[in-house]
Each structure stands twice: as C-alpha cells, then as structure tokens.
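Q: Residue numbers (this note's numbering): -11 to 465. Here it is: the structure, laid out below.
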Amino acid sequence: MIGQVLLVAVLALPAAGALVTALLPERTARITATVFAALTLVVAVSSWSSSDVSWLWVPRLGINFHLGVDGISYPLVVLTALLTVLCCAYTVWKVPEGGSGRTLSALILVLEVGILGTFLALDLVLFFVFFEVVLLPMYAVIAGWGGPNRRAAARKFVLYTLAGSVLLLLGVFTVVAAAGTSDMSMLAYGAGLSRTTQCVAFTLFALAFAVKAPLWPLHTWLPAAHTEAPTVGSVLLAGVMLKMGTYGLIRIGIGVTPEGADWASWVLGAFAVAAIVAGSLICLRQTELKRLIAYSSVGHMGFVLLGIATQTTAGVQAALIGNVAHGIITGLLFFLAGAVKDRAHTGNLADLGGLRETAPRLAGLVGFACIASLGLPGLAGFWGEAFAVVAALHRGWTTFAVIAAIGGALTALYFMRLLRKLTHGPATSALTGISAITRTEWLAWSPLIVLTLAVGLVPALVLTPALDSLASIGALR
C-alpha cells in the first residue's frame, strides 16, 4: 500500500507543485518549485520497491491507469527527478530573459510530470498520453526563454514531435485493436499479436521513437532546439527527454513487439552506426558551442540504438547504462556551456579561447565533462559505448562493430578539438575578466560530477537493478 502511494506521489507532487507555483509571487514561486522538486526526488528514490498501481481509467475501452517501476525505468525516474531539482534550483539563482521565473518553474514541473509518467506507465494508451504531455511545455520553454531564433526552433521541435506522435498513436491503435488490451504486462513477448502485426506496429513505434530520441536521419530539429533553448531547457531536453525515445524502443519495441524488433534488427543496427559516424563528422565542423554538444547527442544515441538493435542482454544493458550516462554527462555539459555563454555573451568558438587562463576551474570542469563524454574508462560514458560494440560483435555484426569503434575515435577527436579551441591559447576578449563559478552553480553541477564518477566506477548501480527486469520485457538473445 505504501509503495502504491509513493508511485502516485511521484506524479502528484510535481503536478501540485506546478499549480501552487503558478499562484505565488515571483521569487517565492521559484523557491517553492524547488521544494516540490526536491520532495519528488526523495519519493522517486524511495519508489524502488513499490508495487504496481492499477485502476480502471476508461471503463468502456478497458483502459487502466497502470503505473509501475522496475530496474529498467527506475534509474531514469531518479535521473529525471534529480535534473528537475537542479534546474529549479538554478532558476532560483538565474532566470533567463524572456519571461517570469515563476512561469518557467511551473513549466519545468509540468515537464517532470510528463517525463516521469512516460517512464512509469504500463499501459500503452497511458504511455501515449504522458508522452504527449511534454510537448507544449517544452515548446513554451524554448519559445518563451530561448535565444534570438527561439520561435523558429520551437516550431520545428513541435512539427517533428507531432509527426512522431501520429506514428506512435497509429502503433498503439494497431496493437490494441489486434490484442484487445493496452496493458503492457499482458502484451509481454507479443502475446496475442501475429508476426505481421508486430512488424507493422514495430515499424510505427521505431519511427516515432526515432524522432524523439532523436536518431539519424530524423535528428534535424535537435540542434536548433538546443542552441536556442535556455540552459535549463537544454539540460532537461538532453538529459531525460531524449531518453523517452530509446526507453520506448526497449519497453514497447522489444517488450510488446519482439518479433518485429527481431525482423528489423539489422536495419536498426545500420542506422545506429550511420548515426555514430554522421554525428561525429558533423561535430567536427561545428563552430557554435551548444550546437556541437547537441550534435554529439546524435552519435551517443547511435551507440544506445546499436545496443538495442542487437537484442542481446549485454546490448540492452549497454543501452540502459548509455541512456543514464548520457543524461548525466550531457546535462553537465549543457550547464557548463550555459555558464560559458552567459559570461562571454557568445557561443561562437572563434570568439572563445583561453578559458583556462581566465577561469581555470570552469575550464577544468569542461575538460572533465568532455573526457567523460568521449568514453574515458573509469567515467560513466565508457560502459555504454564499449559494451554496445562488444554486443555487436557477439551478434556477429563485425562490420557494424568496427564502424562504431571508428565513430568512437572520431568522438574523441571532436571533443579534443573543442577543448583546444575553448580552453587553450591566449584568452579572447569575450572571456577576459569573466566571473568565477558561483555557489549556486557548484550546487547544480556537483551531483552530476559525483554521479559521473560513481556510475563510471560502479556500473552495477545501473546494471544490477535492470538485470532481472530485462527477462520480463521480451525475447533477448
């Protein structure tokens, strides 16, 4: 009973917080939002042993409000709650130009409801509803508090995401019409679905989730959204919103339509390695800081997709830890990129240089985040990418494994290029006399630094809870 209350509270607290925040004065509202987000984090951490919650939601259609948490979703639930706390706390200190901090904080909490609900939903229709909840709040965050081209970026984000939503809805209808139920626990291993139905449904699901992740070549909305979004928007977008797509591929793609996933596995693997190499090559040509980090996500999500495509236990575990590691590290990178742009008033790499001369601590943190993202052993980014390549070899995809490894080398190359341009050489005028790291920034960044080390040194923190859960989602090799 207590476990069920905790699951409901994980969603109820940020929803209530958003309502309360919207009614309070400006600074009080931002502090209140942070308190609600902190309470949500405490409940999310405590929800690990919770039993499922299920009650009839739409009686005539037999749709249940079914929530549950397991080793697949739990790390992402906690990561979402943590990043929301950090973003709310950051907003208390600094509100980006464009609107009130009260409204921004309320929107962040609404985003949290949608993302958490997506990770907790065990009913396909409920999953779709939560999947869509994030659309308008993120549009408002980009359009209201973003950069000069924020409205065009927000429109592009909405158009791509809506296209993916249509495909997801068609996939849900295909499965529900064929199986007569939308309950994922009853649909496990493709129960009640023919091979043809699974192949059609998986194709729709894969395209929908590829837009959200985003996976190459459906990624073109991402750079503009990240470049124009405020710092907290970029952190949530990269840290957890992209994971809704790859999580959906595991939970629904493999879990509900395993034969469809097996049928398309080679194609997914090909697109994965294409994303890894394409993302890296594009990064080598970037001249804007946030845009480079945004494109790096295309390559990192390619490694996650490669792990999923192998449909091996090792591969899906690589995808799970890759998801979490990318959320931690890229969240930190966008916080740091925001700090650099706020101080220099530009993200153009040609105008940035010599950061280690004017702000050595900030330069050191940027270096730490970059080497973590490129997959240095001992840091969180290593495990997902290395074991995705190993899983591809075990599947017999030697060519894919070699191409992915080359992509990993290119990742190191573009991050070294970034560090050379940003931190080395004489200080540019844009970085001369910039302020030191504030206490609030240390507060927001420190948990991500610690987690980067913890997951890198003890990957079992993510892998062990997931091991038993993987057996229940589909046919893994």
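Ideal placement from N, C-alpha and C gives every residue a C-beta, glycine not left out. In this text, all values refer to a predicted model and were calculated from it rather than measured experimentally.
1. Please state whether DSSP places Trp45 in a helix, a strand or coil.
2. On the premise that Asp40 lies in contact with Leu110, defined as a C-beta separation below 8 Å, what is that separation, rounded to the nearest angstrom?
3. Here's the rule I'm using: 16 or more other beta-carbon atoms within 10 Å means buried, otherwise exposed. How should Glu429 be labelled?
4. How long is the line joining the alpha carbons of Ala347 and Val46, rounded to whole angstroms?
5. By Cβ distance below 6 Å, which residues in the same chain neighbour Leu439 in space, the five residues on each side in sequence not counted?
6. When DSSP builds the beta bridges, which residues end up paired with Glu51?
7. In angstroms, rounded to a whole number, what distance separates the CA positions of Gly159 and Arg239?
8. Exposed or buried, Leu(-1), counting other C-beta atoms within 10 Å across all chains shown (16 or more means buried)?
9. Contact defined as beta carbons within less than 8 Å: I believe Leu97 pairs with Phe24. What is the distance between those atoms, to the nearest angstrom?
10. Do the region 256 to 266 and the region 227 to 234 make contact, defined as three or more Cβ pairs closer than 8 Å?
11. Buried or exposed for Glu247, going by 16 or more other Cβ atoms inside 10 Å?
12. So if DSSP puts Asp171 in a beta bridge, which residue, or which two residues, is it bridged to?
13. Who pairs with Asn336 in a beta bridge, going by DSSP?
14. Taking the C-alpha atoms as reference points, what is the distance between Val33 and Val66?
15. Between Tyr235 and Asn137, which are expected to be in contact by the criterion C-beta below 8 Å, what is the C-beta distance as a whole number of angstroms?
16. Would you decide whether Ala463 is buried or exposed? Buried here means 16 or more other CB atoms lie within 10 Å of its CB.
17. Only counting the same chain, and skipping five residues up and downstream in sequence, which positions put a Cβ closer than 8 Å to that of Leu71?
18. Can the beta-carbon of His412 be found less than 8 Å from the beta-carbon of Arg344?
19. Rounding to the nearest angstrom, what Cα-Cα distance links Arg349 and Val265 in this structure?
20. So, for Leu99: in the same chain, excluding its five sequence neighbours on each side, which residues have a beta-carbon less than 7 Å away from its beta-carbon?
21. Please give the ranges of any alpha helix (DSSP H) in the region 300 to 354, keeping only runs that are unbroken, at least 4 residues long and fully inside the region.
22. So for Ala201, helix, strand or coil by DSSP?
23. Ala6: which of Cys76, Gln(-8), Ala167 sits nearest, CA to CA?
24. In this structure, does DSSP put Pro211 in helix, strand or coil?
25. Determine the direct distance from the alpha carbon of Ser417 to that of Phe197, and round the result to whole angstroms.
A: Considering the structure as presented:
1. Judged by DSSP in its simplified three-state form, Trp45 adopts strand.
2. A Cβ-Cβ separation of about 7 Å places Leu110 in contact with Asp40 under the 8 Å criterion.
3. Buried is the call here.
4. Between Ala347 and Val46, the C-alpha separation is close to 57 Å.
5. Same-chain partners within the cutoff: Ile316.
6. Per the sequence shown, the amino acid found at residue 51 is Ile instead of Glu. Residue pairing from DSSP places Ile51 in a beta bridge opposite Val46.
7. Arg239 has its alpha-carbon roughly 14 Å from the corresponding atom of Gly159.
8. Its Cβ being crowded by 16 or more others within 10 Å, Leu(-1) is buried.
9. So it is a contact: roughly 6 Å between Cβ atoms.
10. Contact between the region 256 to 266 and the region 227 to 234 is absent: fewer than three C-beta pairs spanning the two stretches fall below 8 Å.
11. Burial of Glu247 is indicated by the presence of at least 16 other C-beta atoms within 10 angstroms of its C-beta.
12. DSSP lists Asp111 as partners of Asp171.
13. In the DSSP output, where bridge partners are listed per residue, Asn336 has Glu276.
14. For Val33 and Val66, the distance between alpha carbons rounds to 6 Å.
15. Not confirmed; about 30 Å, so no contact.
16. Legend: pLDDT at Ala463 = 49, less than 50; position of this residue unreliable, no value from coordinates given.
17. Beyond the five residues adjoining it in sequence on each side, Leu71 comes within less than 8 Å, by CB distance, of Val223, Leu224, Gly227, Val228, Gly315, Gly319 in the same chain, given in chain order.
18. The Cβ-Cβ distance between His412 and Arg344 falls below 8 Å.
19. Going by the C-alpha atoms only, they are around 32 Å apart.
20. Answer for Leu99: Val122, Pro125, Met126, Leu224, listed in chain order.
21. Counting only runs of 4 or more, we get 301 to 332, 343 to 346.
22. If DSSP states are grouped into helix, strand and coil, Ala201 belongs with coil.
23. Looking at the Cα atoms, Cys76 is the closest of the given residues.
24. Here Pro211 sits in helix by DSSP.
25. The straight-line gap from Cα to Cα measures roughly 43 Å.
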